[in-house]
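Residue numbers (my numbering), protein chains in the order written: chain A, 38 to 405; chain B, 38 to 405. Ideal Cβ positions, reconstructed from N, Cα and C, are used throughout, including at glycine. Let me begin by presenting the structure, written as structure tokens, before commenting on it.
Structural data, given as structure tokens:
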């Protein structure tokens, strides 16, 4: 096992507790970490082809060294491929190798890999253990923790999925060295979101250390990822199935964000970019409702811009975005549940937001 | 709610407790029963087209009368249709109607309906509530209870699925009035199995009252269904995820049974028929291992024959059946976990069964 220094959080769920490890080079410890998590049998490493060959080989070797006979599959992992056809392809591969309930699926890649491979693990033989090895910043601070897995349907994103908690989340910061700058920014959007909704100190850290944060050599960056991971872990432990009022807060910026992704076509905006714009729209709504003042809106815009994130969208209409929000799966009884800021590091949900007010706020984030 | 007289069992699971109601005409109470189970929102009734129009209309009316605005979809439900294409068709329909997390899916039909619609409910929006309304005897006494849901892949049966507990199981014995005799027999196979592995008194009841049991007007038949339901409910409550040594006992006869279904092509033998033959093969294995004597083998054969069940298979080879058992998902580390009788109403699992001994027992149930 890795030293406790790298242990960012322990997530408590109905499916058991699991460790989230964050550090440089921790992939080499995947074998002992999996054994410590009670896993044995074979490993089925399913990786984003973008991590091939170097990172995939290193993970493969670490698994074998740790005593896990390993089969490897690499796949194109992007929003367009995050569908049932790809899922069927992975089932086919698992079937060929007779993957069993005692074996472990290892998901290596960004958010798409975690979602898709996690969904396969949730449903193969009614559920097999999964280890998440997120390799993008967005997946590290957000998607890899909490067991939400899903794939897209032609009619909408993440409509099919499950809650399937991993047995271990292993985050090797070295994997970020090759991450394109734009994807790093997308990850910062989710991490900054954690500060905005739940942790004013984390928000301060992002504001005051933008340059240092974006250099991954910095210990501050690694510590800040760990802090962001902790927030996510606490939220998930408190509200595993998103039935309460806590986990839903993580959807800040996501109602309009999802609409932007759907209307502009998946892939045009990265998820984190769409969320950044969505957070700006949500801030506009909160300001119009008198929940926050213009200063916090400006402060949010400023920190997002410091991390090279978009704060406006182009090529879409307010009508199309608003229509798209109506099929968002967080709606209940037809009323959209908005996550809105009440102050720096504080958020709440509201259902009673007039559509005209939403329209005004949405128009404000659309480029002329 | 129905009277407590109709309450067969309460199943305790990590996803909450739920009632299993067994009685004649209880479908009319589905609305109050669903409300009592904490359900609200809309209902999406997905029924085997074989139940259309009379039974479907009656269920639809009962739902509406109970305050559940209801959409209805009917589908051909058979092993060949129990696949991902059909699942996608149901997702599409749910999407058209914007089915939400607060809504309830009602699965009405035999085992295929429960498995397929249950899997849709397990995965739509990461899981929505499902109510099981089994209309075949096999589904009543077995598949509708316990949350195991699945669909087939071209390479194997039930390879993709989930554990998704229902919120309510409502079994209207009147639905059996139109069930073909062959399917009734298939259901008796599962019910007799409960007696063989866990309840010598239930086995006696089946032996001594074969004629009366097969007339559904008899109160004894309804009480015996309730007893069989109770056994299943106790097993599920004790071992929800089939991790212990209890729930796996329900797979008695299923290793060879699944192999028969796979090798002969799904649909050639009903599931219960294949299980009956599989139980005869398993009894032959147990006898060869000295676990039981020939008398119990003959007693099992006799009771199965009394309920018009097959005890031998034709058109398949022992080699093909044994090969097919090796891809059975209950295997672990390659070794098949056999469920074998130790006596009337007592079963155990064994992993150390020599293949040659299995072959002898399998050959004994193959017709020349």
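What does residue i pair with, by DSSP beta-bridge criteria?
i: residue 403 (chain B); result: B:350
i: residue 383 (chain B); result: B:380
i: residue 112 (chain A); result: A:85
i: residue 146 (chain B); result: B:171
i: residue 107 (chain B); result: B:80
i: residue 141 (chain B); result: B:80
Using a cut-off of 9 Å between C-beta atoms, extract the partners of residue i located in chain A.
i: residue 167 (chain B); result: In chain order: nothing, as chain A lies at least about 14 Å away.
i: residue 192 (chain B); result: 128, 129, 132 and 133
i: residue 252 (chain B); result: The contacting residues do not exist; residue 252 (chain B) stays about 37 Å from chain A at best.
i: residue 51 (chain B); result: 51 and 52
Tell me where the beta strand (DSSP E) around residue i begins and ends.
i: residue 313 (chain A); result: Here residue 313 (chain A) belongs to no beta strand (DSSP E); instead the alpha helix (DSSP H) covers 308-325.
i: residue 49 (chain A); result: 44-50
i: residue 56 (chain B); result: 53-60
Using 8 Å as the threshold, is the C-beta distance between residue i and residue j below it?
i: residue 109 (chain A); j: residue 156 (chain A); result: no
i: residue 51 (chain A); j: residue 277 (chain A); result: yes
i: residue 206 (chain A); j: residue 169 (chain A); result: yes
i: residue 84 (chain B); j: residue 145 (chain B); result: yes
i: residue 171 (chain B); j: residue 198 (chain B); result: no
i: residue 316 (chain A); j: residue 281 (chain A); result: no
i: residue 378 (chain A); j: residue 233 (chain A); result: yes
i: residue 293 (chain A); j: residue 262 (chain A); result: no
i: residue 235 (chain B); j: residue 382 (chain B); result: yes
i: residue 143 (chain B); j: residue 188 (chain B); result: no
i: residue 86 (chain A); j: residue 111 (chain A); result: yes
i: residue 286 (chain B); j: residue 178 (chain B); result: no
i: residue 67 (chain A); j: residue 44 (chain A); result: no
i: residue 404 (chain B); j: residue 348 (chain B); result: no
i: residue 273 (chain A); j: residue 264 (chain A); result: no
i: residue 247 (chain B); j: residue 343 (chain B); result: yes
i: residue 174 (chain A); j: residue 224 (chain A); result: yes
i: residue 390 (chain B); j: residue 307 (chain B); result: no
i: residue 193 (chain B); j: residue 299 (chain B); result: yes
For the alpha helix (DSSP H) containing residue i, name the first residue and the last one.
i: residue 357 (chain A); result: 355-362
i: residue 88 (chain A); result: Counting along the chain, residue 88 (chain A) falls outside any alpha helix (DSSP H), and DSSP gives it neither H nor E.
i: residue 248 (chain A); result: 247-251
i: residue 130 (chain A); result: 121-133
i: residue 340 (chain B); result: 331-343
i: residue 294 (chain A); result: 291-301
i: residue 72 (chain B); result: 67-73
Note down, in chain order, every chain B residue with its Cβ under 7 Å from the Cβ of residue i.
i: residue 185 (chain A); result: 163
i: residue 272 (chain A); result: What residue 272 (chain A) touches in chain B: nothing, since even the nearest Cβ is about 16 Å away.
i: residue 125 (chain A); result: 121
Starting from the beta carbon of residue i, find every residue of chain A whose beta carbon is closer than 7 Å, and list them in chain order.
i: residue 200 (chain B); result: 163 and 164
Chain A partners of residue i, CB-CB under 8 Å?
i: residue 196 (chain B); result: 128, 132, 161 and 162
Which whole runs of the alpha helix (DSSP H) in the stretch 173-261 of chain A are 4 residues long or more, in chain order? Entirely contained in the stretch 173-261 of chain A, the alpha helix (DSSP H) runs reaching 4 residues are, in chain order, 218-235, 237-245 and 247-251.
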